[in-house]
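>
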Amino acid sequence: MIEKLLITRIGDQDLLSTIIYGFEEREIEIKPYGKLWTKEYLEELCTKYEKNMSAKPKDKEDSEPFETEKLMLGYYLLSEEEILNDAITSFEDIKVSQISPVLTYVSVQDIRQVKSKGTYRLNLKGISRHKLVDAYDDINNVVDDIALATLVKTNKFGYKLPTENYPDVMNGIAVIENTITNLTSSQNIWRKIKEHETKNNLYSYHGQIIVDQDIMETKDTEIDTIKLISTLMVFSFVDNRIKLEVIESEDVLTQINLVIWNLKHFATSIEWSPVEQKVFSELEIFAQDEIEAQPKKPRSQRRKSNEKDSNEPVSEALIEKEINKRVKDNLEKQQREYLLKEKLKAIKESLQDNDSDDSEDESEYSKILKDETKSKMYPDSVIKLIKSESNKLKSMMSGTPDANITNTFISTLKSLPWRKTEIESLDINKAREILDKNHYGLGEVKERIIEYLSLIINHKNQARKKNADVLLKFDDNHEIDLELFKEENNSAKIQKNFNNVPILTLVGPPGTGKTSLARAIAEALNKSYIKISLGGVHDESEIRGHRRTYVGAMPGKIIKAIQKSGVSNPLILLDEIDKMSKDFKGDPSSAMLEVLDPEQNTKFQDNYIEHEYDLSKVLFIATANYYENIPAPLLDRVEIIELSSYTTNEKVKIAREHLIDITTRQSGLDKKFFDIDDDVIEMIVKNYTAEAGVRGLKRQFDKIARKIVTKIVAGEKIKNVKLDKETVIKLLGTPRFSDVDKVAEPQIGVINGLAYTSIGGSTLQIEVSHYPSQKGGFKLTGSLKDVMKESASIAYSYVRSNAKKFNIDFDFENNEVHIHVPEGAVPKDGPSAGITFTTALISALSSRAIPQDVAMTGEITLRGRVLEIGGLKEKSFAAFKKGIKTVFIPKSNEKNLKDIPSEVKDAITFIPVDKYEQVYEKLFK
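Numbering (full-length UniProt numbering), first residue to last: 1 to 925.
Rendered as structure tokens:
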């Protein structure tokens, strides 16, 4: 017989491979190889089968019958050496002598491409078995030489059974072979037999059967013939008994009878269809009406009645075999890993290059420990901990989850700086110069920061004089501070030298320079700068870290920041500290207490590293938009520096000195293309931005720069650009805000209030109206919260009780009053609108108009006293932008007027009052 030859490597883990017995249908996976099985030929086959599969039934009837591809499937068995050394012989190098002489003639049922692996998967169905002839005599030929001619000569291979000896055995084997051949010919019957045995757990191992080449050929010994039969019965019970060596080969006849009994057993243990029952009835061993009892075993194998059942040796052998297999697989895996590691080590040594991260960590750590001075970077307790964990790691199997967790923990301990610190700059004049260079204005804020830095520098200078011997040189930029991680037994002694410099917290609206100030402080002190964003943090573990018992555990944000900086004295910015929240996972603000308290942070406990970490040398700076949102215990541990909104003049100066340079540099423009006057910048500030800071102004500059760059890139010849008001309006579009909102004519029941929010100050109008109603009273609208509702209620009670004094002729019993604060979607709260509510009520109920260039702020009591409020500076900025001319403020806030810029005080008249009657006298008389 002449056919094409396809080779599959049995035991190849990369490609699906199998031996096809008889009429089975199985899948194998191949890669293009040789001069016949090329990518083009395989793709052609794929196309052929796809067309047949996609053809409609009607089209298939009209066309010629589809002829499946047929080929000879040969087997190359991988040796143990090839698998262990990962040196699998390529298909082109396989010699004829290395493949099994017994081939399977198969029909290709389907073929499809596995694009992810670059392979082709063939669904093959066995037709018959054949033996290779002719070309097999030349053992030096490689398989590809045979396949190239697409000719493989074979003879159909029959299993000839010896009849000279053991006639009964041979007869029994012939019966078994005939039975199995007929049963496997009926796919439904053989499938049901397999499913029945799988369901009843008659064996524990269903692995792929790989047999030696010579087992496929007929042998003269009985046991080899039994193996042949067991090979045909891929999933049969006898296969397990022979493979597990439970039965003894001396009494072969008994075992043959046992096989026959098991085959008979299938006729009654499974429900068969009439067609299937007919197949059984035609076979010799199923012809009897009743199935004979299980044959007796020889005397040597008989057991007493009280001994275990005959099936129990099989179970015991299965368990023992499974254990032995696992042990063997584990040992082989360890040997393979060891061999590969040794090879990798040898390669690295020959190249003198170590690319392993773990080895790098180990090497760096070892180098530091060998240096007498540098080794003091690690406290003794940390070295002991690393050693203890390393010993644990050695006893663990590599690649297991516990080993990975321990390895990561050791790497974290080694990478932390511990006593390693940065050499800082202690020049206060340099610090002042850097602050002035990076920030315009903010005179009082910068002065407070300079005082703060002076305290730090003085503290460090004194420490250096006292403890010069505790600072050891690590390298040119770093030193080892032995003051850190003192390990004396007296814990009180450790707390004596804590850093008593308070934690600085910069509070102000967005865009006012809080973050850039922190960065400037780090630059002034020559410190590493690390930013930790706390906005939205609601889990305590984010600060303290997760315990190593959890999957994916890691250190908290504080330890990770120190690890990233590489020193134990960086500047850590705690950004948006007022935005932390709490839930069922804990309160992160409570965890921050230990971090920010100088008396506690020398022994900061992170859950992950499970070792105290000294944070006393870390310089913490926090930022917040609204200090009232900071929890009280946390607020008690920090020093507040408030940054207020910028005035228009300050914004113009900042734009001129900083923003224009940044914009032209980022956009790649020359300054001649961004020629803009101060009055135009002021126009942009007033008409296109409404914010406390300068971020919006920077965005407008970026927009102008983008439009100019677009014109240049488009090929327009532009020598320079003069940005006047008309050009800016053309580039930025219609102004979003008017220069100064038009102040309306005096109105009844409408008054301007002032509010202070986390984004700065703002104005809000309060409106009052009334209408007849039998129930009387008043109602509130405008998304008011509890404190503001109480303030309105107090104002209503005060006005009603003093109606005659304020010349109000109003029927409170038969009219309902409606108080509304516009912008109802925005929540509003606070007591500072008390006198504003009162004024609006008097105006509406007495029908007297109020000038609209007047605003007021202050809390009112039932007796008419005006109490102190907060945020006066921000509120005055809002009034200034609105065009307000007169502002009533509590007399107790008169002290805050010195903080308000002269530009604002020149434009607004501030009237301090301590009783509401003073407001009434000014407005209504």
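We put the beta carbon where it would ideally sit given N, CA and C, even for glycine.
1) Pairing CB atoms from the stretch 872-890 with CB atoms from the stretch 853-864, are three or more of them under 8 Å?
2) Out of V799, D786, K785 and K775, point me to the one whose CA is closest to V768's CA.
3) What beta strand (DSSP E) runs, 3 residues minimum, are completely inside the stretch 399-456?
4) Which one of E422, Q109 and L453 has the shortest CA to CA distance from I434?
5) Name the DSSP bridge partner or partners of G760?
6) Between which two residues does the beta strand (DSSP E) containing M856 stretch?
7) Check this for me: beta carbons of P588 and E542, under 8 Å apart or not?
8) Please report the Cβ distance between Q666 and I684, rounded to the nearest whole angstrom; I am assuming they are in contact, meaning their Cβ atoms lie under 8 Å.
9) Starting from the C-beta of F806, find all residues in its chain whose C-beta is less than 6 Å away, skip the five residues before and the five after it, and write them out in chain order.
10) Expressed to the nearest angstrom, what Euclidean distance is found between the alpha-carbon atoms of F778 and I577?
11) For N607 versus R544, is the C-beta spacing smaller than 8 Å?
12) Taking the alpha carbon of G870 as the point to measure from, which residue in L574, T757 and A561 has its own alpha carbon closest?
13) May I have a chain-ordered list of the beta strand (DSSP E) segments no shorter than 3 residues that lie completely inside the stretch 10-47?
14) Alpha helix (DSSP H) containing P822: first to last residue?
15) Taking the alpha-carbon of V826 as reference, which of S762, G535 and S425 has the nearest alpha-carbon?
16) Should G830 go down as buried or exposed, given a rule of 16 or more other Cβ atoms within 10 Å for buried?
17) Please list, in chain order, all residues of the same chain as S565 whose beta carbon is under 7 Å from its beta carbon, the five residues on each side excluded.
18) With the cut-off set at 8 Å, would you say I503 and A622 are in Cβ contact?
19) Check whether the Cβ atoms of I766 and L732 lie closer than 8 Å to each other.
20) Please state the DSSP three-state secondary structure of M72.
21) How long is the line joining the alpha carbons of D677 and D724, rounded to whole angstroms?
22) Let me know the secondary structure DSSP gives Y916 once reduced to three states.
23) Can you look up Q563 in the DSSP assignment and give me helix, strand or coil?
24) In the DSSP assignment, what residue or residues form a beta bridge with Q747?
25) Measure the Cβ-Cβ separation of A463 and A524 and say whether it is below 8 Å.
26) I850 and Q747: beta carbons closer than 8 Å?
27) How would you call E307, buried or exposed, if buried means at least 16 neighbouring beta carbons within 10 angstroms?
28) What are the uninterrupted segments assigned as alpha helix (DSSP H) that are 4 or more residues long and contained completely in the stretch 599-674, given in chain order?
29) For the putative contact between V507 and I654, defined by C-beta atoms under 8 Å, what is the C-beta separation to the nearest angstrom?
30) Confirm, please, whether the CB-CB distance from E813 to H770 is below 8 Å.
31) Is it a yes or a no for the stretch 38-50 touching the stretch 112-122, going by three-plus beta-carbon pairs under 8 Å?
32) Just to check my reading of the structure: Y76 and I7 have Cβ atoms closer than 8 Å, yes? What is that Cβ distance to the nearest angstrom?
33) Which of helix, strand or coil does DSSP assign to H538?
34) Is the distance from the Cβ of K585 to the Cβ of H546 below 8 Å?
35) If you check the beta carbons only, do I630 and F673 fall under 8 Å apart?
36) Between G535 and K579, is the Cβ-Cβ spacing less than 8 Å?
Taking the geometry as given:
1) yes
2) V799
3) 420-422
4) L453
5) T757
6) V854 to M856
7) yes
8) Not really, about 18 Å apart at Cβ, beyond 8 Å.
9) I842
10) 40 Å
11) yes
12) T757
13) 25-30
14) Per DSSP, P822 belongs to no alpha helix (DSSP H) and is neither H nor E.
15) S762
16) buried
17) S528 and I530
18) yes
19) no
20) strand
21) 7 Å
22) helix
23) helix
24) I850
25) no
26) yes
27) At E307 the pLDDT is 42, less than 50, meaning the model places this residue with poor confidence and gives no usable figure here.
28) 632-635, 648-654 and 660-667
29) With 8 Å as the limit, V507 and I654 do not qualify as a contact, their Cβ atoms being about 20 Å apart.
30) no
31) yes
32) 6 Å
33) coil
34) no
35) no
36) yes
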